[in-house]
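Have a look at the structure below before the remarks.
Number of protein chains: 2
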Amino acid sequence: MFVIKIGLLGLGTVGKGVYNIINNEKGYYFQTEADAPQIVKILVTDTNKDRGNDLDYSLLTTDPDDILLDNTIDIVVAVMGGGEPELKYVLRALNNKKHVVTANKQIISDNMALLLSTAKENNVSLMFEASVGGGIPIIDTMQQLLKINRINNVTGILNGTTNFILSQMSQHRSSFDDALKVAQQMGFAEADPTADVMGFDVSRKLSILSSLAYNHIIKDENIYKRGITSIAAADIEMTRMNGYVLKYVAQSFLKGDKYYTAVAPALIKESTELAVVNNEYNVIILNGNIIGEIKVSGKGAGQNPTANAVVGDIIYILEKKSPIEADFSNPIRNGGMDEFRGKYYFRFRVENSAQFSSVFDCVDKYVEKKDAIYQKGNLFFFTEEIASSVALKIENETTKICENIFFARVIE
Amino acid sequence: MFVIKIGLLGLGTVGKGVYNIINNEKGYYFQTEADAPQIVKILVTDTNKDRGNDLDYSLLTTDPDDILLDNTIDIVVAVMGGGEPELKYVLRALNNKKHVVTANKQIISDNMALLLSTAKENNVSLMFEASVGGGIPIIDTMQQLLKINRINNVTGILNGTTNFILSQMSQHRSSFDDALKVAQQMGFAEADPTADVMGFDVSRKLSILSSLAYNHIIKDENIYKRGITSIAAADIEMTRMNGYVLKYVAQSFLKGDKYYTAVAPALIKESTELAVVNNEYNVIILNGNIIGEIKVSGKGAGQNPTANAVVGDIIYILEKKSPIEADFSNPIRNGGMDEFRGKYYFRFRVENSAQFSSVFDCVDKYVEKKDAIYQKGNLFFFTEEIASSVALKIENETTKICENIFFARVIE
């Protein structure tokens, strides 16, 4: 009997989850198929570390070439995280004609064209469902849609950590710092939360989805991003009173030959499909020209959902389905932030009447129609529809006047 | 050049949509693939009827055998609707070794095991993504999930007509009859809306999804169903005041070796993912033992979304992907309604104090803890958690007392 052999690079949270689904009788496919694939080698940094009882320690190795140069291994599962050395390993695996399944959004976002063309040249598949949205089958759904539709809009909540923090702030009226601490205690945020709360994680995911959606490589570094660290309890309260929920939204769209991308906090109208996705859940909304809007949501992080996506890709390869098709030749260009028009919400912490007047005058200069509210030391504005460039000008000028500012676009 | 040939059975709304995607340069695949498949014959009842300019009338025929017995046709697309003669045609097509793609929920729901085994015997595929949820890729998503997960719960809003009616009633505080009229004027409801408003359409879809999810044929006629015709404006108002939205919910779940199914109106907590799906949109929530909850939503009806699902299945066949796998040998049995426990909402139209007292006494007999409200001739109850069998007993006894009753389970 011929059995497909898998080499695992990394045995962290996701790697252990993949091992469990395949070996510890958790995944249906591997319980029922007599010739189901087997994990034959696992790359770790320390073979002596205690990793529990439900693991075959004889599979562990610290030498990547035990996997990358083993001609009996068919599929390499790369779940180490970070940039190097995983990128180098993945390229070596592809060039040695091994299929690769990865959950690593960084190497996919930074090198999608190179990795997909390397896979194609070697007649193997590169799959990365787990790199975006945890267990949500978004890459596959998008690939299917694109066979018939042109996609012109990708909108989502793509980061479980920040969605958990904002849900906490909303439910318990807590400060950002307190909500972050809870997230860290519950394992939803890392000790250094920078990549999550400043949008680097989200923009990588948006880069992957947008590049596939629009057939054009959209680099992570070209995506406008603003973090959520300046959101105060007062913002949660004021937006709620006006019928909105604060969410960390990734959005890109096509307009003519330009694309627009942004990762930024936004006020979402309550009781809409973006507003009700809470805690570690993610949601992605795609707009196709024939099918209309399709929304997919589920757990965006966590061992089992992410491992489920990895193992789903392995099965996809086993069933010899068509690999991810990517054509990045669409001649579109970055339109910057100009087309992100909308009503805007501003909050300024003003310490005295001079600050109050200066801020008020600045907003007045750029925005004709707006509602202004002063409450407990904060000056709030809800503006008429303006361009994001105007909002950025206001931010730029008012930061010279007061330190504590938050602003966000309103998405109805 | 070898080109795949398609025969189309039916040229109604969905059939015309399929024709447009393939021929009128609407679908990307058919614009870009030189050897894309072609529709070579279309079965209609009247070849002389005016069907617009963008159609090749020479393809029309009134003889099904022009398609079913044509050995050059590879794929039959069955989009006539109803039971016979479409079932007979589909069986003949499969037995003549043609792949079949259909949007017909009735023949799939009534004959899934027979049709899938006939396809298997003839080494062809039977696909029916368009039979449930319009454009929503739910059958495919479920098939992927089932390779790794066991599914234990399927919950959804599966009918665009009734969701549109309930959304209208909610937005405009209109009566059921007025909302139905608007739905009919806008083309969202048929002249005879019975199949939609009494749950026959929904229960067929729930039968298809549940049979696949639980590996056991769950017959449409064994699904408990209750219509939405007795919902009054007073119900919309009272449930809204208590933080709920009225939705028409299809739900099935597994518990031990029993399955439970119901199609019934329900009170959904506002700002949850079922509550915010409005108008013609549908949503399906699947719960997998590894991946957790996955939700997919989109347009549940309409020409383009449904045709998109049909054409998606055609492409799936062209790419030689694995056909729908179905094993219906799971030895589970119908548990009836017993496990549908929950808080219940009741409304009774009472005309006089004698009716009031009789209804009150009846509810009192079965439910210890409840809130009672009397308002403008209606007596309302919100009960503690009770079994659905108790709710049905109350309904049964009170219908002897008053005519105008509505009740529904509360889903938090």
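Taken in order, these protein sequences are the chains called A and B. Residue 1 is where the first sequence starts when you use my numbering, and the numbers rise one by one after that. Residue 1001 is where the second sequence starts when you use my numbering, and the numbers rise one by one after that. A virtual CB, placed ideally from N, CA and C, is assigned to each residue, including glycine.
I need the boundaries of the beta strand (DSSP E) containing residue i, first residue and last residue.
i	result
T1155 of chain B	1151-1157
G256 of chain A	Premise fails: G256 of chain A is in no beta strand (DSSP E) and is neither H nor E.
K1041 of chain B	1038-1043
I373 of chain A	370-375
Terminal residues of the continuous alpha helix (DSSP H) containing residue i?
i	result
Y1028 of chain B	1028-1032
F1164 of chain B	1160-1172
I314 of chain A	303-318
I217 of chain A	Counting along the chain, I217 of chain A falls outside any alpha helix (DSSP H), and DSSP gives it neither H nor E.
L87 of chain A	86-95
I1107 of chain B	1105-1121
K1181 of chain B	1176-1185
If the criterion is Cβ atoms closer than 8 Å, does the pair residue i and residue j meet it?
i	j	result
I317 of chain A	S125 of chain A	yes
Y224 of chain A	M337 of chain A	yes
R1347 of chain B	F1380 of chain B	yes
D327 of chain A	M127 of chain A	no
I1107 of chain B	G1133 of chain B	no
V197 of chain A	T229 of chain A	yes
V1245 of chain B	Y1344 of chain B	no
V1350 of chain B	G1377 of chain B	yes
E33 of chain A	S1322 of chain B	no
T1306 of chain B	V1014 of chain B	yes
E1368 of chain B	E1385 of chain B	no
S1271 of chain B	S271 of chain A	yes
P1265 of chain B	A1408 of chain B	yes
I1405 of chain B	C1362 of chain B	no
A195 of chain A	Q184 of chain A	no
What is the rounded straight-line gap between the Cα of residue i and the Cα of residue j?
i	j	result
S1170 of chain B	N1278 of chain B	10 Å
V1310 of chain B	N1304 of chain B	10 Å
D1046 of chain B	N222 of chain A	57 Å
D1050 of chain B	D1056 of chain B	12 Å
N1095 of chain B	V1018 of chain B	24 Å
N1020 of chain B	K88 of chain A	46 Å
K1269 of chain B	N1242 of chain B	9 Å
S175 of chain A	G1081 of chain B	57 Å
D220 of chain A	G300 of chain A	19 Å
K1189 of chain B	D1201 of chain B	In the sequence as displayed, the identity of residue 1189 of chain B is Ala instead of Lys. Rounded to the nearest angstrom, the two C-alpha atoms are 12 Å apart.
N1308 of chain B	G1012 of chain B	15 Å
L1166 of chain B	N1396 of chain B	25 Å
G187 of chain A	A179 of chain A	12 Å
I285 of chain A	Q1251 of chain B	24 Å
L254 of chain A	G1052 of chain B	32 Å
M112 of chain A	I217 of chain A	8 Å
L1274 of chain B	T72 of chain A	48 Å
L206 of chain A	C402 of chain A	32 Å
K5 of chain A	I315 of chain A	12 Å
Y366 of chain A	T239 of chain A	22 Å
I148 of chain A	P331 of chain A	20 Å
P1085 of chain B	L1069 of chain B	16 Å
Would you mind giving the Cβ-Cβ distance between residue i and residue j, rounded to the nearest angstrom? I have them listed as a contact below 8 Å.
i	j	result
A36 of chain A	Y28 of chain A	No, A36 of chain A and Y28 of chain A are not in contact; Cβ-Cβ is about 10 Å, not under 8 Å.
N1282 of chain B	S1297 of chain B	7 Å
I67 of chain A	L9 of chain A	7 Å
A119 of chain A	T102 of chain A	So it is not a contact: roughly 11 Å between Cβ atoms.
Y1248 of chain B	N1153 of chain B	The Cβ separation is near 18 Å, so there is no contact.
P137 of chain A	T161 of chain A	The Cβ separation is near 21 Å, so there is no contact.
A262 of chain A	F340 of chain A	6 Å
E1325 of chain B	Q1143 of chain B	7 Å
D1257 of chain B	R1150 of chain B	Going by Cβ atoms, the distance from D1257 of chain B to R1150 of chain B rounds to 13 Å, so no, they are not a contact pair.
I294 of chain A	T61 of chain A	I294 of chain A to T61 of chain A, Cβ: 42 Å. No contact.
I236 of chain A	K105 of chain A	Actually they are not in contact, since the Cβ atoms of I236 of chain A and K105 of chain A sit about 29 Å apart, beyond 8 Å.
According to DSSP, what are the bridge partners of residue i?
i	result
S1297 of chain B	A:K295, B:V1283
G342 of chain A	A:I386
K147 of chain A	DSSP lists no partner for K147 of chain A.
T1061 of chain B	B:L1043
V76 of chain A	A:G7, A:V100
T261 of chain A	A:S252
F348 of chain A	A:L379, A:I405
G288 of chain A	A:I151, A:G292
I1411 of chain B	B:I1268
Please tell me whether residue i has its Cβ less than 8 Å away from any Cβ of chain E.
i	result
G1199 of chain B	No chain E appears in the structure shown, which is made up of the protein chains A and B.
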